[in-house]
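Following the working numbering, the numbering of the sequence shown begins with 0 at its first residue and continues without gaps.
Even for Gly, the Cβ is constructed at its ideal location relative to N, Cα and C.
Computed from a prediction, not measured in an experiment: that's the story for all the values here.
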Amino acid sequence: MNVLPLRVFSFIASLSISAFATLAAQTVKSPAPPQPLLMPPSIEAPVDQPYASPVQLDVDLTNVTDRVAHVREQIPVQRNARELVLLYPQWIPGAHSPIGPISRIAGIVVTVDGRRVQWIRDQINVYAFHIPLGTAARTVELTFDYLSPIKPAEGRIEWSDAMVDLAWNEVAMYPAGFFSRHIPFDVSVKLPQGWKHATALETASEEGSTVKFKRTTLNTLVDSPLYAGVHFKRVDLSPSPADIVRLNVFADDEKDLEISPDALEKHKNLAIEADKLYQSHHYDHYDFLLLLSSIVGGVGLEHHQSSEDGSRPNYFTEWDRGNLRSDLLPHEYTHSWNGKFRRPAGLWTPNFNVPMRDDLLWVYEGMTQYWGSVLAARSGIRTAEQARYVFARVAAGFEVSPGRDWRPLVDTTNQPTVSQRRPMSWGSWQLGENYYTEGQLIWLDADTKIRELTSGRKSLDDFAAEFLGEFNGSFVTSTYDLPDIVKILNTIAPYDWMRFFRDRVYALHPAVPIDGITNGGYKLVYSDKIPTWLTRTETAVGGDDFSTSLGFSVGSPRGGPAAGSPSNALSSVLWNSPAFKAGITPDMLIISVNGKAYEAKVLRDAIIEAEHSRRPIELQFRRGEEYKSFSIPYYGGLRIPSLERVDGTPDRLDEILAPSKRPLPAM
């Protein structure tokens, strides 16, 4: 047994605790504090110069069962290059956020002049791939698979046994260091046997089920998606021989392609009214790509010469039922002028991996939302009554959305990047992408203000022709900023437009933005009366809305964010609403109302009965495996919003919604 010498023991015992700790610290060695690693060199910035030679892109869509696109690219190499950096598109135009679906890429194999080499993903930018080259390298060949979602939980369904929505940005990589407009592409696609296709790209040849397209640039390719499928119909909507507009419809079933004369006439009117409004067009031909499906997810995405659109299967066959999303085609069509031709400077980028700046989305999307609603009414796709109801519903939604107490409209333009468009539990508090609908009301306000200032001689139509109609026939994007908008508005109707937008967009504005409605000769009112057309519409598209009364919505419009959920699932609960205060949450299923099985009519009747009896409404919900009952003392009625005409005021809103009296432009 080892024993400490007495003198050592005595020495240790004489030390204070603090002195002993100091001695111990002096005898223990510690590593130097960590320092950050140096960042690797950044990816080469794009420059405005041509790429060496065309990239060959071949896409095979025949694996319908597994929903897998097989991709092969041949990429010429710049002379004496030691490395090729390939980019997978990240910032997708129209998505306004960095959501390029790189997680769906698999099986990447690279060869250089026939010899396999190992690619290296960039340490910082996961959308960039480094390919080592020899000094004499000439061609890089790249193969990979794009794994399209099979289940809704994986993302929007793009593919079924009957159709596919192919976005080229999902199946292409491209060389870093160049503007996308200077990278030429030769593209082919192999379709399942017997499938038809539609795209704004020009066809070079068809051999069997393989389609080759004329050479194009990367920016045009990404801007020209392809729809293909078994059940297909093309309809001509052209306002004139000089303005070619086509409606390309793909459906789950052949019977869904039947278009009534009334529906056809109103879609033709859309192209006519757009020409009258914008007094121009900026495409060789325009192709609406419309899918009607209960399987493939609904979509609305703008492109310069086409649009990706999706609706319910009975969009045409039950046309008389209407649709609250019936402004989809007018909205996306407007983007050909506002968004694709005229674009906020911060939303134009030299390639698809340079970040976008979204601060003018209230113009890009908000003004487009406004013109989409107006064109839907002018063409007859919506009735004037339906159009007024939509404005009323938007305004009423703001009355029950307390998020406007803390978040200015301009900050919601950051939402696509903040949330990357993932669903939110409390949208009325977070606000989401308010720039669409609140922007719509702001541009209505601007329209009625111009009409007031000029005693009806001018309107926002004049601004649209001046702002969006310049350089008629040009495909080259023309960028703008807020002073450009203010300058043109002042040529139409002098006013302090900068302050007008600063107060409504950039300052906190909790008050409901209804000035355009008021100045249009109407007021927002509520009642228990449900328009007959609205009942038909809800039956056709799904979803029951009680947001302005109890404060929740049930179900989801077909193709909406909760598509595939049970029909009695809540799709939203509004913050601080009666339902919220009772403890109801958006993950519940509504089971019964006052002891009766839930149906929309049963709940509506209960709300009206409570308004008179002053007895609480008894609701039962299911949350997971647990059943919960709530007694809600709500007596305010259904509060169905509508616009009521104010006698003795100028009827500007109905003038806005009426078909244009302008002649068609000579183009």
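Check, Outcome
"Is it the case that the segment 154 to 166 contacts the segment 137 to 144, given that we only count it when at least three CB pairs across the two stretches are under 8 Å?", "no"
"Considering Cα atoms alone, identify which of Ala273, Gln414 and Leu60 is closest to Leu190.", "Leu60"
"From Lys265 to Gly379, what does the alpha carbon distance come to, in whole angstroms?", "6 Å"
"Where do the N-terminal and C-terminal ends of the beta strand (DSSP E) with Glu398 fall, by residue?", "First-last for Glu398: Ala383 to Glu398, but that is the alpha helix (DSSP H), not the beta strand (DSSP E)."
"Give a yes or no on whether 8 Å exceeds the smallest Cβ distance from Pro260 to chain C.", "The chain labelled as chain C is not found in the depicted structure, where only one protein chain is given."
"Helix, strand or coil: how does DSSP classify Arg406 here?", "coil"
"Note the first and the last residue of the continuous alpha helix (DSSP H) segment covering Gln48.", "Counting along the chain, Gln48 falls outside any alpha helix (DSSP H), and DSSP gives it neither H nor E."
"Buried or exposed: Tyr626, going by 16 or more other Cβ atoms within 10 Å of its Cβ?", "exposed"
"Which two residues bound the contiguous beta strand (DSSP E) that contains Arg341?", "Arg341 to Pro343"
"From the DSSP output, in three-state form, read off Tyr479 for me.", "strand"
"The beta strand (DSSP E) that contains Asp112, what's its start and end?", "No beta strand (DSSP E) holds Asp112; DSSP gives it neither H nor E."
"Sort Val27, Asp480, Pro407 and Ser424 by Cα distance to Leu507 and report the nearest one.", "Pro407"
"So Lys213 and Ser187 are supposed to be a Cβ contact under 8 Å. How far apart are they, rounded?", "Not confirmed; about 11 Å, so no contact."
"Quick check on DSSP: helix, strand or coil for Pro401?", "helix"
"Output the boundary residues of the alpha helix (DSSP H) element that contains Gln73.", "Looking at the DSSP string, Gln73 is not in any alpha helix (DSSP H); the run it does join, the beta strand (DSSP E), is Val67 to Pro75."
"Please classify Asp160: does DSSP put it in a helix, a strand, or coil?", "coil"
"In chain order, what residues of the same chain have a beta carbon less than 8 Å from the beta carbon of Asp646, not counting five sequence neighbours either side?", "none"
"Kindly indicate which residue of Met587, Thr534 and Thr416 has the alpha-carbon position closest to the one of Asp319.", "Thr534"
"Tell me where the alpha helix (DSSP H) around Thr648 begins and ends.", "Where Thr648 is concerned, there is no enclosing alpha helix (DSSP H), given that its DSSP letter is neither H nor E."
"So, under 8 Å CB-CB, Asp144 and Ala105 are touching, yes? Tell me the CB distance rounded to an integer number of Å.", "5 Å"
"Tell me whether the segment 418 to 435 and the segment 567 to 574 touch, counting them as touching only if at least three CB pairs, one residue from each stretch, are closer than 8 Å.", "yes"
"Using a Cβ-Cβ cut-off of 6 Å (strictly less than) and excluding sequence neighbours within five positions of Asp653, which residues of its own chain qualify?", "none"
"What are the start and end residues of the alpha helix (DSSP H) that includes Val601?", "Ala599 to Ser612"
"Are the beta-carbon atoms of Leu289 and Leu246 separated by less than 8 Å?", "yes"
"Can you check the segment 116 to 180 for any beta strand (DSSP E) of at least 3 residues that lies completely inside it and give the ranges in chain order?", "127 to 131, 138 to 146 and 162 to 165"
"Where Val409 and Trp442 are concerned, what is the direct C-alpha to C-alpha distance, given to the nearest angstrom?", "15 Å"
"Please state if the CB of His95 and the CB of Asp357 are separated by a distance shorter than 8 Å.", "yes"
"Where Ser630 and Val63 are concerned, what is the direct C-alpha to C-alpha distance, given to the nearest angstrom?", "50 Å"
"Starting from Pro97, follow its DSSP beta bridges and name the residues at the other end.", "Trp90"
"Measure the alpha-carbon distance for Tyr494 versus Gly365 and round it to whole angstroms.", "21 Å"
"Are Pro512 and Leu440 closer than 8 Å when you measure CB to CB?", "yes"
"Where does Met38 land, buried or exposed, given buried means 16+ other C-beta within 10 angstroms?", "exposed"
"On the premise that Val524 lies in contact with Glu617, defined as a C-beta separation below 8 Å, what is that separation, rounded to the nearest angstrom?", "So it is not a contact: roughly 29 Å between Cβ atoms."
"Counting pairs of beta carbons, one from the segment 385 to 392 and one from the segment 216 to 223, are three or more of them closer than 8 Å?", "no"
"Tell me the residue span of the beta strand (DSSP E) that contains Thr198.", "Lys195 to Thr198"
"Beta-carbon within less than 7 Å of Tyr597's beta-carbon, same chain only, minus the 5 sequence neighbours each way: which residues are those?", "Asn567, Ile589, Ile590 and Ser591"
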